[in-house]
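In the order they appear, the protein sequences are chains A and B.
Numbered according to our numbering, the first sequence terminates at residue 167, and the numbering increases by one at each position without gaps.
Numbered according to our numbering, the second sequence terminates at residue 334, and the numbering increases by one at each position without gaps.
Here a beta-carbon is modelled for each residue, glycine too, at the ideal position from N, C-alpha and C.
The block underneath contains the structure these notes are about, expressed in structure tokens.
There are 2 protein chains.
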Amino acid sequence: MTEESINPEVFPENNRGDYSAVQQVAYARDICDARGVRLTHIRQQVLALLWENKHPSGAYELIEALELQGARPIAPPTVYRALDFLIEQGFACKIESRNAFVPCASPERFNEHIFLICDDCEAWLELEDPQLEQQLADEATHAGFKPSRRVVEVLGTCAKCLLTQEV
Amino acid sequence: MTEESINPEVFPENNRGDYSAVQQVAYARDICDARGVRLTHIRQQVLALLWENKHPSGAYELIEALELQGARPIAPPTVYRALDFLIEQGFACKIESRNAFVPCASPERFNEHIFLICDDCEAWLELEDPQLEQQLADEATHAGFKPSRRVVEVLGTCAKCLLTQEV
DNA sequence: AAGATTACGTTATAACATAACGTTAAAACG
DNA sequence: CGTTTTAACGTTATGTTATAACGTAATCTT
């Protein structure tokens, strides 16, 4: 445990977005320790970048940012492998409709996210809705289908941008 | 109206998947006529291919198929433009988690689809669920968000493949 | 310390998508 | 009916996203 460690209990539910990238990485580190998996340097860097960016990050955007930090050329597989790990562990999600990646506020729950993504400012919001989850699961069951992953993305305009563009 | 035209009323609700690609194209032609838009040759070809394929079609897969049909080289923009049209008109949808395209059984309703996609055999199923739609809309409204498009995709294993792989 | 495993570096290339611009074909209009 | 306008398409080039394959280094296991 490090000085920056954060007790998971401390996070108000669904509100981890209020913490800094550094804190988020520390939180992830604790979980990884507990799970016996390795949050290596590059994985930390990528996770921190995801939290720092206020919009979904493209893989090549992450590469550029990493190169600025380290002054060494970073090849795509490096960053895609880090992303794969972060997604497996629930620390990140891919926004399929954007081919971009966001950090994930609830690494305990896999695939139970709804994302609202603003077409205008690229802001995104992560929601959970157990009822909607249940309903999707029911739909699947009814079709004899065994779900492994769900993608639920709502694209549109966020509250802030609606105010601005009101004509 | 052509011989192959199909009266929309004839389709049992949500069951148009039972008709042939040719019939689907004829149906789309009628709708396009009514809407005053043009279902050109290449658009028809692409729509027919989408219906013929039993899995989501990649754009480059469509290109290859078109080249086999016409013996002329087809460049990507040609097929992407046709797909854009079909999507605009509700005759096709993009499966974002696959970067692939499927024909759409209910061109009247935009963005109100749920897709179940089998990881194993690539079969897909298109569903509608007004209640789930409503719930998603409510979530968005609650966040002050104005949705324009929804992506709901459930990945997993279909009933058929579950039987086969049961170990 | 030796062997096994996991992560990473590196090169190359595959797969997906669009910009830009010229040409053809169809629709609209007087 | 021919001219204008617009929509669709052809073509070339290029941009963007993602992965295969293979070697090296670091870490874990015993």
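With 7 Å as the threshold, decide whether the Cβ of A/T141 is near any Cβ in chain B.
As a working mapping, residue 141 of chain A is identified with position 141 in the first sequence. Not an interface residue.
Which residues of chain B have a Cβ atom closer than 7 Å to the Cβ of A/A26, listed in chain order?
What you label residue 26 of chain A is simply residue 26 of the first sequence in a count that begins at 1. By Cβ distance, chain B contributes nothing, its closest Cβ being about 28 Å from A/A26, past 7 Å.
Please report the straight-line C-alpha distance between A/V37 and A/D138, rounded to a whole angstrom.
The sequence position of residue 37 of chain A within the first sequence is 37, counting from 1. The sequence position of residue 138 of chain A within the first sequence is 138, counting from 1. Roughly 33 Å between the two C-alpha positions.
Where B/G225 and B/N266 are concerned, what is the direct C-alpha to C-alpha distance, given to the nearest angstrom?
The residue given as residue 225 of chain B occupies position 58 in the second sequence. The residue given as residue 266 of chain B occupies position 99 in the second sequence. Taking the CA atoms as reference points, B/G225 sits about 7 Å from B/N266.
What residues in the segment 300-333 of chain B have a beta carbon less than 7 Å from any beta carbon of chain A?
Flagged, chain order: Q302, L303, E306, A307, A310, G311, F312, K313, P314, S315, R316, R317, V318, V319, E320, V321, L322, G323, T324, C325, A326, L329.
Tell me the DSSP secondary structure of B/R205 in three-state form.
Residue numbering aside, residue 205 of chain B sits at position 38 when the second sequence is read from its first letter. Secondary structure at B/R205: coil, using DSSP grouped into helix, strand and coil.
Contacts of A/I87 in chain B (Cβ-Cβ under 9 Å)
Start at 1 with the first residue of the first sequence, and residue 87 of chain A comes out as number 87. Under the 9 Å cutoff, chain B gives no residues; its nearest Cβ is about 13 Å from A/I87.
Under the three-state DSSP convention, the category B/C325 falls into
Within the second sequence, residue 325 of chain B is the residue found at index 158, counting from 1. Correct three-state label for B/C325: coil.
May I have the straight-line CA-CA distance separating A/S97 from B/A201, to the nearest angstrom?
As a first step, residue 97 of chain A is located in the first sequence; it is residue number 97 there, counting from the start. As a first step, residue 201 of chain B is located in the second sequence; it is residue number 34 there, counting from the start. Rounded to whole angstroms, the gap between the alpha carbons of A/S97 and B/A201 is 31 Å.
Any C-beta of chain B sitting closer than 7 Å to the C-beta of A/E96?
Numbered from its first residue, the first sequence carries residue 96 of chain A at position 96. Chain B contact via Cβ: present.
Along the alpha helix (DSSP H) that carries A/Q64, what are the first and last residues, could you check?
Locating residue 64 of chain A in the first sequence gives position 64, where the first residue counts as 1. Correcting the residue identity first, residue 64 of chain A is Glu in this sequence and not Gln. Counting along the chain, the alpha helix (DSSP H) containing A/E64 begins and ends at 59-70.
Rounded straight-line distance, which links the Cα of B/S187 to that of B/A249
Residue mapping note: residue 249 of chain B aligns to position 82 of the second sequence, counting from 1. Residue mapping note: residue 187 of chain B aligns to position 20 of the second sequence, counting from 1. A direct Cα-to-Cα measurement between B/A249 and B/S187 gives close to 20 Å.
Considering only the beta carbon of each residue, do A/V151 and B/E320 sit closer than 7 Å?
By one-based count along the first sequence, residue 151 of chain A stands at place 151. By one-based count along the second sequence, residue 320 of chain B stands at place 153. Result yes, Cβ atoms of A/V151 and B/E320 sit closer than 7 Å.
Three or more C-beta pairs under 8 Å: does that hold for the segment 115-134 of chain A against the segment 86-97 of chain A?
Short answer: they touch.
With 7 Å as the threshold, decide whether the Cβ of A/L83 is near any Cβ in chain B.
Taking the first sequence and counting its residues from 1, the one referred to as residue 83 of chain A is at position 83. No, no contact with chain B.
Quick check on A/L66: buried or exposed, where buried means 16 or more other Cβ atoms within 10 Å of its Cβ?
Numbered from its first residue, the first sequence carries residue 66 of chain A at position 66. Burial call: buried.
Cα-Cα, which of A/L62, A/A28, A/A140 is closest to B/L292?
As a position in the second sequence, residue 292 of chain B is number 125, starting the count at 1. Comparing Cα-Cα distances from B/L292 to each of A/L62, A/A28, A/A140, the minimum goes to A/A140.
Tell me the rounded alpha-carbon separation between A/P77 and A/D84.
Residue 77 of chain A sits at position 77 when you count from the first residue of the first sequence. Residue 84 of chain A sits at position 84 when you count from the first residue of the first sequence. Looking at the two C-alpha atoms, the distance is approximately 10 Å.
Which word fits A/V22, buried or exposed, when buried means at least 16 other C-beta atoms lie within 10 angstroms of its C-beta?
As a working note, residue 22 of chain A is residue 22 in the first sequence. Counting other Cβ atoms within 10 Å of its Cβ, A/V22 stays below 16 and is therefore classed as exposed.
Does any CB atom of chain A fall closer than 7 Å to the CB of B/F282?
Position 115 of the second sequence, counted from the first residue, corresponds to residue 282 of chain B. Closer than 7 Å to the CB of B/F282 there is not a single CB belonging to chain A.
C-alpha gap between B/H309 and A/W51, whole angstroms
Within the second sequence, the letter at position 142 stands for residue 309 of chain B. Within the first sequence, the letter at position 51 stands for residue 51 of chain A. Whole-angstrom Cα-Cα distance: 24 Å.
For B/Q302 and A/L136, I'd like the C-alpha separation in whole angstroms.
Stepping through the second sequence from its first residue, residue 302 of chain B is reached at position 135. Stepping through the first sequence from its first residue, residue 136 of chain A is reached at position 136. The C-alpha of A/L136 is placed about 11 Å away from the C-alpha of B/Q302.
Could you tell me the distance, in whole angstroms, from the CA atom of B/Q332 to the CA atom of A/Y60?
By 1-based counting over the second sequence, the position of residue 332 of chain B is 165. By 1-based counting over the first sequence, the position of residue 60 of chain A is 60. The straight-line gap from Cα to Cα measures roughly 38 Å.
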